[in-house]
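A.B. asks:
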Amino acid sequence: MIQIEKDAWDVMVAHAEATFPNECCGAMLGDIDGDRKTVRAAVKLENAFEGSQAARYELRPEDLLNADREARRQGMDLIGIFHSHPDCDAYFSETDLKNSCPWYSFVVLSIRGGRFDHANSFLPNAEQTHADREELRIPAAQAAR
Ligand SMILES: [Zn+2]
Numbered sequence: 000m001i002q003i004e005k006d007a008w009d010v011m012v013a014h015a016e017a018t019f020p021n022e023c024c025g026a027m028l029g030d031i032d033g034d035r036k037t038v039r040a041a042v043k044l045e046n047a048f049e050g051s052q053a054a055r056y057e058l059r060p061e062d063l064l065n066a067d068r069e070a071r072r073q074g075m076d077l078i079g080i081f082h083s084h085p086d087c088d089a090y091f092s093e094t095d096l097k098n099s100c101p102w103y104s105f106v107v108l109s110i111r112g113g114r115f116d117h118a119n120s121f122l123p124n125a126e127q128t129h130a131d132r133e134e135l136r137i138p139a140a141q142a143a144r
């Protein structure tokens, strides 16, 4: 289960809406207690994909490293990656799976017409052949929108 605190969630949704109609991406920082993950902060990262960004994102490894360092500086861990699907459902695509890392949670935000619609979280397996849905808890005001 992954729970996203309001401040972090607000950053994620604002970034995804501002980046529409392109995909956004970013890092989720927080802590892990058994099988319960809590996202306490979100870091906006630049979509580094050089082609059309409407259906694709790419993270720079150095941006991820910096996010990891920032997490540690604040006494947290880098626990996941988020990205958006403009005018598309929050599913985990073949490309998403191929570009995933099995030790992170991947939160996908569906943005319809520039507004947040829904979100899902995924856990890729070690072989990156399959991603299980992970229970996602987001702040209530957003979930009801
Ligand atoms: Zn995707």
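Once you know that position 131 of the sequence shown is 130 in numbering that gives the first Met the number 0, the rest is easy, because the numbers rise by one and skip nothing.
By construction, the Cβ of each residue, glycine as well, lies at the ideal position given by its N, Cα and C atoms.
Going by DSSP, what residue range makes up the alpha helix (DSSP H) through Asp88?
C.D. replies: Neither: Asp88 is in no alpha helix (DSSP H) and is coded neither H nor E.
A.B. asks: Out of Ile137, Val10, Arg114 and Thr128, state which residue places its alpha-carbon closest to the alpha-carbon of Phe19.
C.D. replies: Minimum Cα distance to Phe19 is reached at Arg114.
A.B. asks: So, helix, strand or coil for Leu63, using DSSP?
C.D. replies: In this structure, Leu63 counts as helix in the three-state DSSP scheme.
A.B. asks: Tell me whether Ala143 sits in a helix, a strand or coil according to DSSP, three-state version.
C.D. replies: With a pLDDT of 49 at Ala143, under the threshold of 50, the modelled position of that residue is not reliable, and no figure is offered here.
A.B. asks: With the cut-off set at 8 Å, would you say Ile3 and Glu133 are in Cβ contact?
C.D. replies: No, the pair does not count as a contact, with Cβ atoms beyond the cut-off.
A.B. asks: Is there contact here, the stretch 123-130 with the stretch 24-38, by at least three beta-carbon pairs under 8 Å?
C.D. replies: With a cut-off of 8 Å, the stretch 24-38 and the stretch 123-130 do not count as touching, because too few Cβ pairs lie within range.
A.B. asks: Is Ser51 buried or exposed, if buried means 16 or more other CB atoms sit within 10 Å of its CB?
C.D. replies: That one is exposed.
A.B. asks: Is the beta carbon of His82 within less than 7 Å of some heavy atom of ligand 1?
C.D. replies: Within the cutoff, so yes.
A.B. asks: If the criterion is Cβ atoms closer than 8 Å, does the pair Ala53 and Met75 meet it?
C.D. replies: Against a cut-off of 8 Å, the Cβ pair of Met75 and Ala53 comes out as no contact.
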